[in-house]
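Protein chains in written order, with this note's numbering: chain A, 23 to 476; chain B, 610 to 952.
Have a look at this one:
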């Protein structure tokens, strides 16, 4: 890594959920650590050869942690590589990302886990924490070697992209992993009910003739898994919840004291099913379909839901029912999307637009900035555990994983400018307000959007 | 709802009436005037069909391609016939025997067709929305939707409306009952738009497993919904009471296999249009069927070939309506001079 040095960001708003800090001041990064945070440093206390950065109008907070990233390597290097994926991550303010194991071969054994860790170390930039498969080959038939993967550095287990459908196997997965104190991260989809359908069941599916993915296909799996988590004492983390009913189920589970956490994606918090018709949420839901309809860039699993669902997810976030915002960054090639809606690959390239999309919620007064930062920093600790809490705070003496953002910066989404190989975004050309301008990992300046030197 | 604003594509309203419509993707944006124009033009085309030498030079020098990824008899043949009777050169491409078999993508296939200079492609595809995907990636070639997935079959809806109008006059206020697999039916979806635009009272009748959930739970019965007048009736006897038009839909064996129905036998007993059931409709009610029929399942043979059946007339009208549509879409620039040739 290069660029390790002293940095002093002056007069920025400093946000830290763990210490409860929200004040204007300076932050000094030195030798990879946070050496000072808070009151303005006197000139005499500023180290020599220290780069001085003007933090006027900027916010500094712990680097974002993404629990749900598809890096595609090994196997799908045309969609993304670990190297391009981490570059995309820091561009979006994510200094730590958790790599989902649906690669080819899948990350279902210690060797592939170690491979990803090594490739990530070579790539530098963001920290990469691998998630291992729950079952061998993600085939849902036999448990993968969870202990050995944990020994190699896996931080959790998931067959993401597919559910662990077999109830008996899911019970064993939760029970077995409880001994390792690691979570099972479930992609909640009853495939018999969803039938692999591409859009939300409701008016949009009826209108377009596309098959509908009903909410109940998500909720029925969550209900079952909550019961299994209660039975086994295992740790259940529910990936990308999308429906109002799912929020209710998670709320109830938490009230009952179940060991259950949940995440939501930026897109399910901000976009609704109308985008399938090729327009935004203010576009007519009942009008004739135009040439822009069946926009394959809106195809994602789980699908974009109704506006009532979006509202319930925002409420769930504010209420604390939803612990984490995770991107479900799913890069695809252009060819994967330049086909019919049914043939198109699922997924959004999300790392580089996540923060801008989420800031819409802040600017619209739907969530406050501290809540947003919380769901992107300390929220993920519910899955990763307190061993990683140094990465989620600005406390003096901790590792300098830091992000600097301009909450008011206007910018226009242009996938051409993504570091990710995945140019698949449904919000191409959309104007957003709020952008990450710098990111530090372990005190290294890994992303710098503009020079802020004094 | 968060305020993510997408730059709206500037969408100009296009119409057959002023010759601005290039594609026919569905009838959801058709006005009454356009349906009138199609009907009037189809009348003229029926006259051409009645001639001894049924050929006019209207589309001479135009190239029309039919690109069918799904099996079809009447739609493909009637488009081919329609194009040929109007003197266009019609080329038929099917998925077998073309580069589609070699794995050529839909996009590359249609861009290749465009590059050959074809003026119009009629496409049938098993995926809903395929014609929209094609149309937005084409610059000079027009697209007619010959049926896409479960979504739309606009030329079928226009020929159905045309057939009804020929027998009933204006169909506003008439009771039209569509019986069968609504959920999977592109014919039903397009007919819903065309029939409600014409002011007809549409009743959908099927077992609940074959009706979209939204209709079943009545979510469409709100003023701002364009299909708010559509009624749902799962009891076929109640649905047929006083109907002016009865339209059973083809029921596919697949529906039994995927568990939506116990057996075709039970469906036939519950929903099959028999003589007795047809008698519940108004006297001289019209019987339409978009074909192909499963005689003995959704319709009994005596009814299918009985005096109230317009099924063969639908096919003939289908040729006329498709001639009209080809003329209005492709021949629009030369409309004035070709009018004389037809009349």
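The C-beta atom is built at its ideal place from N, Cα and C for all residues, glycine as well.
For the C-beta of residue 761 of chain B, the chain A residues within less than 9 angstroms are, from N- to C-terminus, 231 and 311. For residue 135 of chain A against residue 263 of chain A, the beta-carbon gap comes to about 26 angstroms, at or over 8 angstroms, which does not count as contact. For residue 235 of chain A, the three-state secondary structure derived from DSSP is strand.
Counting along the chain, residue 199 of chain A sits inside the alpha helix (DSSP H) bounded by residues 189-200.
Contact between residue 224 of chain A and residue 760 of chain B does not hold, since the beta-carbon distance rounds to 15 angstroms and is not under 8 angstroms. When Cβ-Cβ separations below 8 angstroms define contact, residue 235 of chain A makes no contact with chain B. By the 16-neighbour rule on beta-carbons within 10 angstroms, residue 724 of chain B is exposed. Among the residues facing chain B, residue 323 of chain A is not included, as its CB has no counterpart in that chain under 8 angstroms away.
Straight across, the Cα-Cα distance linking residue 443 of chain A with residue 801 of chain B is about 43 angstroms. Between residue 860 of chain B and residue 782 of chain B, the gap from beta carbon to beta carbon reaches 8 angstroms or more. For residue 453 of chain A, the neighbours in chain B by C-beta distance under 8 angstroms run, in chain order, 614. Residue 308 of chain A reaches chain B at 833, 834, 835 and 836, counting residues in chain order whose Cβ is nearer than 9 angstroms.
For residue 759 of chain B, no alpha helix (DSSP H) encloses it, and the DSSP letter there is neither H nor E.
Using a CB distance cut-off of 8 angstroms, residue 387 of chain A does not count as an interface residue toward chain B.
By the rule that beta-carbons nearer than 8 angstroms mark a contact, residue 610 of chain B touches chain A.
As a beta-bridge residue in DSSP terms, residue 207 of chain A pairs with A:180 and A:259. With a threshold of 16 other beta carbon atoms within 10 Å, residue 94 of chain A meets it and is buried. What residue 739 of chain B touches in chain A, judged by beta-carbon distance under 7 angstroms, is 362, going in chain order.
For residue 693 of chain B, the uninterrupted alpha helix (DSSP H) run begins and ends at 683-694, by DSSP. Counting along the chain, residue 50 of chain A sits inside no alpha helix (DSSP H); it lies in the beta strand (DSSP E) bounded by residues 43-52. Residue 316 of chain A belongs to the set of residues whose beta carbon lies under 8 angstroms from a beta carbon in chain B. Put simply, the CB of residue 332 of chain A is near chain B, with a gap under 8 angstroms to one of its CB atoms. The beta carbon of residue 266 of chain A sits closer than 7 angstroms to the beta carbons of 330, 331 and 334 from its chain, once the five residues preceding and following it are set aside; these are given in chain order.
C-alpha of residue 623 of chain B to C-alpha of residue 353 of chain A: approximately 36 angstroms in a straight line. Scanning A:64, A:240, A:133 and A:376 for the CA closest to the CA of residue 219 of chain A turns up A:240. In the DSSP assignment, residue 643 of chain B falls within the alpha helix (DSSP H) that extends over 641-659. Put simply, the segment 369-383 of chain A touches the segment 432-448 of chain A. At least three CB pairs are less than 8 angstroms apart. For residue 815 of chain B, same chain residues with a beta-carbon under 8 angstroms away, outside a window of 5 residues either side, are 788, 789, 790, 791, 792, 843 and 880 in chain order. For chain B, the residues of the segment 437-450 of chain A that bring a beta carbon within less than 7 angstroms of one of its beta carbons are 449, in chain order. Here the segment 412-425 of chain A lies against the segment 48-66 of chain A, with 3 or more beta-carbon pairs under 8 angstroms apart. Every alpha helix (DSSP H) of 4 residues or more that sits fully in the segment 243-293 of chain A is shown, in chain order, as 266-277 and 288-292. Remark: C-beta atoms of residue 765 of chain B and residue 899 of chain B approach each other more closely than 8 angstroms. By the C-beta density criterion, residue 203 of chain A is exposed, having fewer than 16 other C-beta atoms within 10 angstroms.
The beta-bridge partner set that DSSP reports for residue 460 of chain A consists of A:426 and A:470.
In terms of CA proximity to residue 213 of chain A, A:323 leads the group A:323, A:249, A:175 and A:365. Assigned with DSSP and collapsed to three states, residue 118 of chain A falls in strand.
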